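Everything below concerns the one structure shown next.
There are 2 protein chains.
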Amino acid sequence: MVKSISAGLLGLGTVGSGVVKIIENHQDKLMHQIGCPVEVKKVLVKNQDKKRDVKIDSYKLTTNVEDVLFDPEIDVIIEVMGGIEQTRDYILTALRNKKHVVTANKDLMALYGSELLTVAAENECDLFYEASVAGGIPILRSLVEGLASDRVTKMMGIVNGTTNFILTKMSKDGRAYEDVLAEAQALGYAESDPTSDVEGLDAARKMTILATLGFSMKIDLDDVRVKGITEITEEDLQYSKQLGYTMKLIGYAHRTGDHVEVSVQPTLLADSHPLASVNDEYNAVYVYGEAVGETMFYGPGAGSMPTATAVVSDLLGVMKNMRLGVNGRSAVAPQYPKQLKLPDQMFSKYFLRIHVKDQVGAFATLTALFSERGVSFEKIIQLPVKDSELAEIVIVTHQASLKDYEEVLQQLNDLEIVKSVKSSYRVEGDGSL
Amino acid sequence: MVKSISAGLLGLGTVGSGVVKIIENHQDKLMHQIGCPVEVKKVLVKNQDKKRDVKIDSYKLTTNVEDVLFDPEIDVIIEVMGGIEQTRDYILTALRNKKHVVTANKDLMALYGSELLTVAAENECDLFYEASVAGGIPILRSLVEGLASDRVTKMMGIVNGTTNFILTKMSKDGRAYEDVLAEAQALGYAESDPTSDVEGLDAARKMTILATLGFSMKIDLDDVRVKGITEITEEDLQYSKQLGYTMKLIGYAHRTGDHVEVSVQPTLLADSHPLASVNDEYNAVYVYGEAVGETMFYGPGAGSMPTATAVVSDLLGVMKNMRLGVNGRSAVAPQYPKQLKLPDQMFSKYFLRIHVKDQVGAFATLTALFSERGVSFEKIIQLPVKDSELAEIVIVTHQASLKDYEEVLQQLNDLEIVKSVKSSYRVEGDGSL
C-alpha cells in the first residue's frame, strides 16, 4: 500500500503556483480519490529568495534541477517551466529514471511529443499533457476517451485566447488592431512580444497536438499552414458582420478519406456556428465525428488556475494508474501513416475584397477570370471607394479548391483593372445576407 | 493474451442498432486501441423476425434474456433496452455473473445508480453510463477525470433536447407551445406522450446523475425541484427577449459550502451566457469549478449514433480495463453526506408577470409588499392590458431567497388589487435593458 505520493515541480511561475495551491486547497478531494496524500516535495526555481504569492516551505525550493530529477522519493515530475531544448532533456532524464511526467508545454509537445511519448512507453511511465491545449478544457481526454469509438473528421479550434480577445474587441467595439493589442498587453492577455500569438504560431502548435490525437496520425508543425491576424482591418470586420459572419482565428483540421489538412487562419464563421459566440479570451474546440456529429468544448484557454486544474487532473490520472500498477499503458501510437492533402484536394468557400478601377467592363473581366477556373460567386457586394476612381468589390465564393482559388488570386494581381487585393479569408458555413 | 472480446446486447432499438453499426464500421479503430477484435455475440430482442435497418446474423438474436446474461463467453453486457425494474434485475444478474455493464439508461441510473455501482464494485466489474446523460457529450468523463482536481460549485444543463427544440422554435418564430409540440412529435423529437420531457422529469433524472457525480454526494430524484415548460406563454418569451434574456429549461445544481440545491425549471438566461445560444435539439452542460472557472460541453443529447458513440466509448473503456486487469476499480463512492439547502439558503433573481387593477395606489401597494420581505426590483415594465381595466407589470428582482420570494408570491395572490400572477421564473445573469 502506497503511503503517499510525491511530486517534483519544474517551475513555480503562473501555472506552477496554481498547481501548488490546488494540491493544497483540494487535498481532501484528491485523497478521497486516490486514498493517500499527495505532496509537492521539491520545486526547481530560478531564484530561491524571490517573493511569491504562494505558500511553500523554503527548504523545498532548489535551483539545482538534479535535486528534483534524481530524488528517489519523487514519483511524478510536473513540468511547468516552459522552454524547449533544455526542458526536453530534463523530461527525457526524468522518464529514463522511471518518473512519470505531467507537462503543460505545448511548444515541447508539438515538436517532440512523439519522441517523448515513445520514451515514456519504453520506461513504463505516464506522460500526460492535457494542459498543453486549451488550458482548462479537458479536450485531449475527450478526444482520446469520450470520442474514442468515433471517427473524427473535422476539428476547429479557437485555441489562442490573446487573438480571440483582440478580434472580439475589434468586432464588437469597432476598434483598430493596434489599439486593442495595447489593451491586451496592459491586461496581461498578450506578451510584450506578441508575435507567437498574433502570427498564429501558438495556435499552430496546439493544432499539431489536436490533429495528431484526433486523426491518429503524426502531424508535424511544418504541416500546418499558418496565417495570423495582423492584417485584419476594420473594413473586413464590417463586411463580415454585414454578411452574417463572425471573424475568428480558427485552427482547422480536416480529414477526407485518408488525407488530412491542418491550418490556422482568420476565418469568417457563420454567426449560427457554435464557435461564433465564443468571445473574449475564451477558447473552444469544435469536433465533428462521423457518428456523434457536432460537439464543442468551451472554457478558459489559459490562466494560472484553469491550466493548473488540467495539470493536477493529469497528476491524479498518474496517481490512479500508480495505485492500479498500470502506468505507461494508456498512450496509443498513431494508427495511420501521415498523408497530407494537396491544394487541389482542399475545398473551402472564400471571402475576397478587392479594389478595381471603376470602368466599363471591369466586372465582366473579373467574372470571366473566376469562371475560367470554375470558382463561382455566392455573394457579391460592389461599392464605390470614397474620393477615388475605384470600386470595392467583396466576394464570397462557393466551394473551390485551394489550387483554383490561389490561381485566381495570382491572376487577379496581374489584371490591369485590379488596383489591389485588399484581403482574402476562408469562409465556414452560410452567412445570412 | 485475450483473443477477442464479446459483448451481449439487451435491446436492438434506436441506440442498439447504432451500437452494432459503430462496432462494425469502426472495428479497425477499436482493434488498434485494444489490440483484439470486438464482437457482438448475442442480442436480446422482442421479436426475432422483425425487419431491421442494421445487418446482424439472425442466429445472434434471441428472445430469451438468459441466452445473453448466462453466456460464458460474453464479457460485457450492453443495456440499451430501457425500462426500470426488470432491467435492474437483469443488470444485477449480469454483475453477479462477473459481467461488466455499459448502460444508456438514465431512468435506471437516477433511481438505482448507487445500488448498481456498489454491486459492480463488489464483483470487480465496471459499470459505465456515459450515454445516460446528454447522449454524445462526454460530460460524465469530463466531471470525473478532466475536472477531477477541481471543486465544482455549479452546474447548469440543457439536458433535454425535446424541450430545447420547443423553446427555440417558440422564441425564434413566435409560435405557440401546442403548435411546436405537434411539429416536434411529427419530427420524432417528442414522444406521443411527451409528459416526461415537457414536465421536466427526464431532465431531473439527468440532473440527479450529474449532481451526484459533480458534488460527490448521493442526490436522489426526490431532491430535485421540478417545473416543466407547459405554462410558458408567447408573452413570457417576448418579455424575456426585450429584457435581454433567453428562456431555457435549465437543470440547475448549486453548492454553497457543504449544502446543495438541485432543480429543473424554465429560466431566463442572460443572452451573453454560453448556454443561451444552445439551440434546437442540442444539449449542453455548463460547469463552474472554483479553479477552472467557466466551462461548457456541447453536443447532440440524443439520437441513435450520438448515443451509441458514448456507449461504445464506454465499452472501449471496459475493454482497456480488461486488458490491464483493473476492472471495477474506477468508481469512486460519494465523498460527502447529502446536505440539501433550505429555501432560505437558495438565492436567485426572479422574473414575475402579474395583472393588477389599474387604479391609484396599486403600484405603491405592490412595492410595499416586496420591500417588507426585502425583495427589491432590478427592472420593471408596466403596460396597460388591452381592452381591460388591468395593468400588466413585469418585474425582475434582485437576488432574493426562495423563502422570501415564495412568501411574496403567496401574499400577492391575497392582495385585492392583484387580478392574477401570470408567470414566475428563475433568472440567471444580467440582461441588457
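Order-wise, the sequence lines are chains A and B. According to the numbering used here, the residues represented by the first sequence are 1 to 433, in order. According to the numbering used here, the residues represented by the second sequence are 1001 to 1433, in order. Each residue gets a CB set at the ideal place from its N, CA and C atoms; glycine is no exception. Please read all numbers here as calculations on a predicted model, not as lab measurements.
The alpha-carbon separation between G293 of chain A and P1306 of chain B amounts to approximately 7 Å. Check the Cα spacing between L342 of chain A and each of A:E124, A:L268, A:G303, A:V262: the tightest is with A:V262.
For A110 of chain A, not one C-beta of chain B is nearer than 8 Å to its own C-beta. Proximity of Y298 of chain A to chain B, defined by a Cβ-Cβ separation below 8 Å, is satisfied. When secondary structure is reduced to three states using DSSP, H1259 of chain B falls in the strand class.
Judged by beta-carbon spacing, T1208 of chain B lies beyond the 8 Å limit of Q1345 of chain B, meaning their Cβ atoms are not closer than that value. Under the 8 Å criterion on CB atoms, Q411 of chain A is classed as non-interfacial with respect to chain B. With 16 or more other Cβ atoms from the protein chains shown falling within 10 Å of its own Cβ, D1197 of chain B counts as buried. Contact of I1137 of chain B with chain A by beta-carbon distance below 7 Å involves T295. Within the same chain, and ignoring the five residues on either side of N279 of chain A in sequence, the residues whose Cβ sits closer than 6 Å to its Cβ are T168. Put simply, the CB of S1277 of chain B is near chain A, with a gap under 8 Å to one of its CB atoms.
Note on the region 71-157 of chain A: whole alpha helix (DSSP H) runs with a minimum of 4 residues are 85-96, 106-122, in chain order. Taking a beta-carbon distance threshold of 8 Å, D1150 of chain B counts as an interface residue toward chain A. For Q1410 of chain B, the three-state secondary structure derived from DSSP is helix. For G1317 of chain B, the uninterrupted alpha helix (DSSP H) segment begins and ends at 1304-1324.
In the DSSP secondary-structure assignment, S423 of chain A is bridged to A:R353. Rounded to the nearest angstrom, the Cβ distance from T63 of chain A to V80 of chain A is 16 Å, too far for a contact under 8 Å. Under DSSP, A1270 of chain B shares a beta bridge with B:Y1245. Put simply, the backbone Cα of M170 of chain A is about 22 Å away from that of G303 of chain A.
Three or more beta-carbon pairs drawn from the region 1382-1396 of chain B and the region 1346-1363 of chain B are found closer than 8 Å, and the two stretches are therefore classed as touching. L1187 of chain B and L316 of chain A have their C-alpha atoms spaced approximately 44 Å apart. For K1029 of chain B, a Cβ of chain A is located within less than 8 Å of the residue's own Cβ. Rounded to the nearest angstrom, the gap between the Cα atoms of E1073 of chain B and Q1048 of chain B is 22 Å. In this chain, the beta strand (DSSP E) harbouring M1296 of chain B covers 1293-1300.
The beta carbon of S1058 of chain B lies closer than 8 Å to those of Q1048 in the same chain, with the five residues before and after it left out. Spatial neighbours of K1357 of chain B in its own chain (CB-CB distance under 7 Å, excluding positions within 5 residues in sequence) are listed in chain order as E1389, L1390, I1417, K1419. Counting C-beta atoms within 10 angstroms of its own C-beta, N413 of chain A has fewer than 16 neighbours from the protein chains shown and is therefore classed as exposed. Taking 4 residues as the shortest admissible run, the region 1150-1217 of chain B contains the following complete alpha helix (DSSP H) segments, listed from N- to C-terminal end: 1161-1173, 1177-1187, 1195-1198, 1201-1215. When rounded, the separation of the alpha-carbon atoms in I1005 of chain B and D1028 of chain B is 14 Å. Within chain A, no C-beta atom comes nearer than 7 Å to that of T1118 of chain B; the closest sits roughly 17 Å away. For T309 of chain A, the closest Cβ of chain B is nearer than 8 Å. DSSP places K1379 of chain B outside any alpha helix (DSSP H); the residue lies instead in the beta strand (DSSP E), whose first and last residues are 1377-1384.
Counting every other CB atom within 10 Å of its CB across the protein chains shown gives V1385 of chain B a total below 16, marking it as exposed. For the 8 Å CB-CB criterion, K1218 of chain B and T1212 of chain B form a contact. Residue contact with chain B for Q335 of chain A: present (Cβ-Cβ distance below 8 Å to some residue of chain B).
V1326 of chain B belongs to the set of residues whose beta carbon lies under 8 Å from a beta carbon in chain A.
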